[in-house]
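Some notes on the structure that comes next.
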Amino acid sequence: MLHSTRLLCSLGLAGLLAGCGSTYLVGPPPSDDSGPGVDAGLVQDTGVTVDRPTPIVDAAQRLCARQQECGRGEQCVGPEGCGVPWTCQPAQSRDCTADVAPFCGCDGATFGASSACPDRPYRYRGPCEMPPPPPPLDGGVTPPPPFDGGTTPTACVMPDGSICPLGATCPLPDRCAECRCSTRGLLCVMTPCLDGGVMPPPFDAGPATCNIRGVICRVGELCMIDRCTQCACAPGGNVSCRAVPGCGVDSGVIFPDSGVIRDSGVIRPDSGVIRDSGVIRPDASVPGCAPQQAMGEGFCERLLGIYWQGNRCVAIGGCTCVGADCGRSFPSFEACETVHLICPR
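By the count of the working numbering, the sequence shown reaches residue 400 at its end, each step adding exactly one.
What follows is the structure, given as structure tokens:
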């Protein structure tokens, strides 16, 4: 067609092709070796040959195993599970969050990614160390992963970084303190690894003794801790104490206490109330022994204080303290135990 146009211009057919040669630059005819699909030499009106744009490849057909395999403005997208390949898709329609949630990858390793936009195929939400969550009964969306601000967490992260499933009670590395994972976060009972609940015994004291404020007391014996306090050491490091009757009281009134008495050689808790049968039962009305109203709330790994829980001193953790006694914590376990030395155990 281009070659024919040149011929018509040379014959002076101006009426047919007005302005011929003034606007279009005509290239040479195609060579004999021009095959199908070869550019025949068409040029723009600038006279410069321009490369054709790279054809757009259908992104839905490009497979990906991670985000790095997709181009700019794309994301590696696919369904939960490892049976369907993931593909590179435009990222404009996805609303990704800035949090980091655990996912169990198809290679069996746990990885962290945005809870709304995981960047690679995964088996299920949550760490691989935990079993996969059960399928939703209503056929709806799987419950949100832990720590993404969802309504129902599936696990809690312990202070040492380990995972504690929802509803489970998990020990800390010291094997003495333990935490329970609830929908409100971790509720930890920070029981110290102390024999007798006050101070650790010396190495040469052996397992058949208790160290009660520096006084070594043998199992089954009554020991005077000070002039007004008498304590006994029971198997397992359990300590019970009582105030000496009449000590510091002019009328000789016996204070309610959690001391011990001997009954056929067996040490039993003494609440200050002796029944006709001789069996000693705890007295919940002992002044100053009621549990403090304080508990931790939230997923934060923050120590909120040491409080008396009715039978022992515990440390509570979380984001905020909830209860009437918040702010009335003890500075240490020893201070808490000393104040409640006469309380039932």
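Ideal placement from N, C-alpha and C gives every residue a C-beta, glycine not left out.
By the criterion of a C-beta distance shorter than 8 Å, residue 213 is surrounded in its chain by 219, 225, 227, 234 and 241, once the five residues flanking it on both sides are discounted. Distance from the CA atom of residue 278 to the CA atom of residue 384, rounded to whole angstroms, is 29 Å.
Annotation: residue 390 is outside any beta strand (DSSP E); the continuous alpha helix (DSSP H) that includes it extends over 388-394. Beyond the five residues adjoining it in sequence on each side, residue 131 comes within less than 7 Å, by CB distance, of 119, 121, 122, 124, 125, 141, 143, 174 and 175 in the same chain, given in chain order. Note on geometry: alpha-carbon atoms of residue 266 and residue 275 lie some 13 Å from one another.
For the set 298, 392, 162 and 272, the Cα lying nearest the Cα of residue 283 is the one of 298. Exclusion of the five residues before and after residue 280 leaves 267, 268, 270 and 286 as the residues of its chain whose Cβ lies within less than 6 Å of its Cβ. Apart from the 5 residues on each side of it in sequence, residue 395 sits with its Cβ closer than 8 Å to the Cβ of 343, 344, 363 and 368 in its chain, given in chain order.
DSSP places residue 352 in the strand class (E or B) of the three-state scheme.
The three-state reading of DSSP puts residue 292 in helix, counting H, G and I together. Taking residue 237 as reference, the option from 211, 217 and 216 with the minimal CA-CA separation is 211. 373 is the residue among 365, 360, 373 and 357 whose C-alpha sits nearest the C-alpha of residue 351. Residue 216 and residue 359 have their C-alpha atoms some 19 Å from each other. In the DSSP assignment, residue 180 falls within the beta strand (DSSP E) that extends over 177-180.
Exposure of residue 387 is indicated by the presence of fewer than 16 other C-beta atoms within 10 angstroms of its C-beta. DSSP places residue 132 in the uninterrupted beta strand (DSSP E) bounded by 129-132. With a contact defined as Cβ atoms closer than 8 Å, residue 146 and residue 129 qualify at about 6 Å. Residue 209 holds the alpha-carbon nearest to the alpha-carbon of residue 157 among 150, 209 and 139. In summary, residue 223 is exposed, with fewer than 16 beta-carbon neighbours lying within 10 Å of its beta-carbon over all protein chains present. In the displayed model, residue 276 falls within coil according to three-state DSSP, outside both helix and strand.
The three-state secondary structure of residue 364, taken from DSSP, is coil.
Apart from sequence neighbours up to five positions away, the residues of its chain that approach residue 168 with a beta-carbon distance below 8 Å are 155, 156, 158, 174 and 175, ordered along the chain. Excluding five sequence positions before and after residue 366, the CB atoms of its chain that fall closer than 6 Å to its own CB belong to 400, given in chain order. Close CB contacts of residue 160 within its chain, under the 8 Å cut and outside five residues either way in sequence, are with 166, 175, 176, 177, 178 and 183 (chain order). In the displayed model, residue 144 falls within a strand according to three-state DSSP. Straight-line measurement puts the Cα of residue 171 at about 19 Å from the Cα of residue 164.
Under a 10 Å Cβ-count criterion, residue 370 is classified as buried, with 16 or more other Cβ atoms of the shown protein chains found around its own Cβ. As the crow flies, the alpha-carbon of residue 361 is around 7 Å from that of residue 391. Non-local beta-carbon contacts of residue 348 in its own chain, meaning distances under 6 Å to residues more than five positions away in sequence, involve 378, 379 and 380 in chain order. Sequence-distant partners of residue 187 (beyond 5 residues in either direction) whose C-beta falls short of 8 Å from its own C-beta, in its chain, are 159, 178, 179 and 181. Under DSSP, no beta-bridge partner is assigned to residue 344.
The Cβ atoms of residue 288 and residue 264 lie closer than 8 Å to each other. Rounded to whole angstroms, residue 162 and residue 137 show a C-alpha spacing of 10 Å.
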